[in-house]
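Note that the numbering used here numbers the sequence shown so that position 66 is 731, with each residue one more than the last.
The structure appears below as structure tokens.
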Amino acid sequence: MISAGDFRNGVTFEMDGQVVQVVEFQHVKPGKGAAFVRTKFKNVMTGAVVERSFNPTAKFPTAFVERKTMQYSYNDGELYYFMDMETYEQIPINASILGDNFKFVKEEMECTVLSYKGKVFGVEPPFFVELEVTKTDPGFKGDTATNATKPATVETGAELKVPLFIEEGDKIKIDTRTGEYMERA
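This is the structure:
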């Protein structure tokens, strides 16, 4: 059990039969009246974000989210297959569960699969990936205003903005959390 007074960012707990994760919290002690905890939390299954205040002594059962490293194998239409690295078992995951940042993942990359009581609710790709640029316009000399960028397509088909000096065939490092170019690989 966890009390509302012990909330921290990232803590997961069960509330009303749902698994929620604390996104933001603030312990408030007004001049008059009792203290309370103002909380913003996200339903880990649906992604819905809700704000609510709690009495600091309110108790909730702790939810243990299983995080397992698995290798992305291939996709077949709407299903994406991940291989358990210990048992070599293939697990199909629906495309609707994958986030927008999954567009930077290519076959054989390791991802973290999130599940609660055996039900998969999310897939976290690696924070940084190295991909090859397959299509981009050439950068022009003299076209060097501060932080000038151009669109580029990487080997997974994802598009992002890169500096003018990046050319087709270059390997680049991408932060999957923001979808931004980091550096040449």
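Cβ coordinates follow ideal geometry from the N, Cα and C atoms, glycine included.
Check	Outcome
Residue burial classification, A699 (beta-carbon count within 10 angstroms, cutoff 16)	exposed
Contact check, I839 vs V778, beta carbons under 9 Å	no
Per DSSP, the bridge partner or partners of V788	V778
Terminal residues of the beta strand (DSSP E) in which P726 lies	Counting along the chain, P726 falls outside any beta strand (DSSP E), and DSSP gives it neither H nor E.
C-beta contact flag for G834 and E797 at 9 Å	yes
Presumed contact (8 Å Cβ cut-off) between Y737 and V770, rounded CB distance	6 Å
Residue(s) in a DSSP beta bridge with T801	A817
Unbroken stretches of the beta strand (DSSP E), 3 residues or longer, contained in the segment 733–757	744–749
Where N624 falls: helix, strand or coil (DSSP)	With the chain covering 666 to 850 only, the question about residue 624 has no answer from this structure.
Outcome for Y753 when other beta-carbon atoms lying within 10 angstroms are tallied against a minimum of 16	exposed
Cβ pair count under 8 Å reaching 3, the segment 745–761 against the segment 725–735	yes
Expected contact under 8 Å - CB spacing of F672 and F701 to nearest Å	Between F701 and F672 the Cβ distance is about 11 Å, and since that is not below 8 Å, they are no contact.
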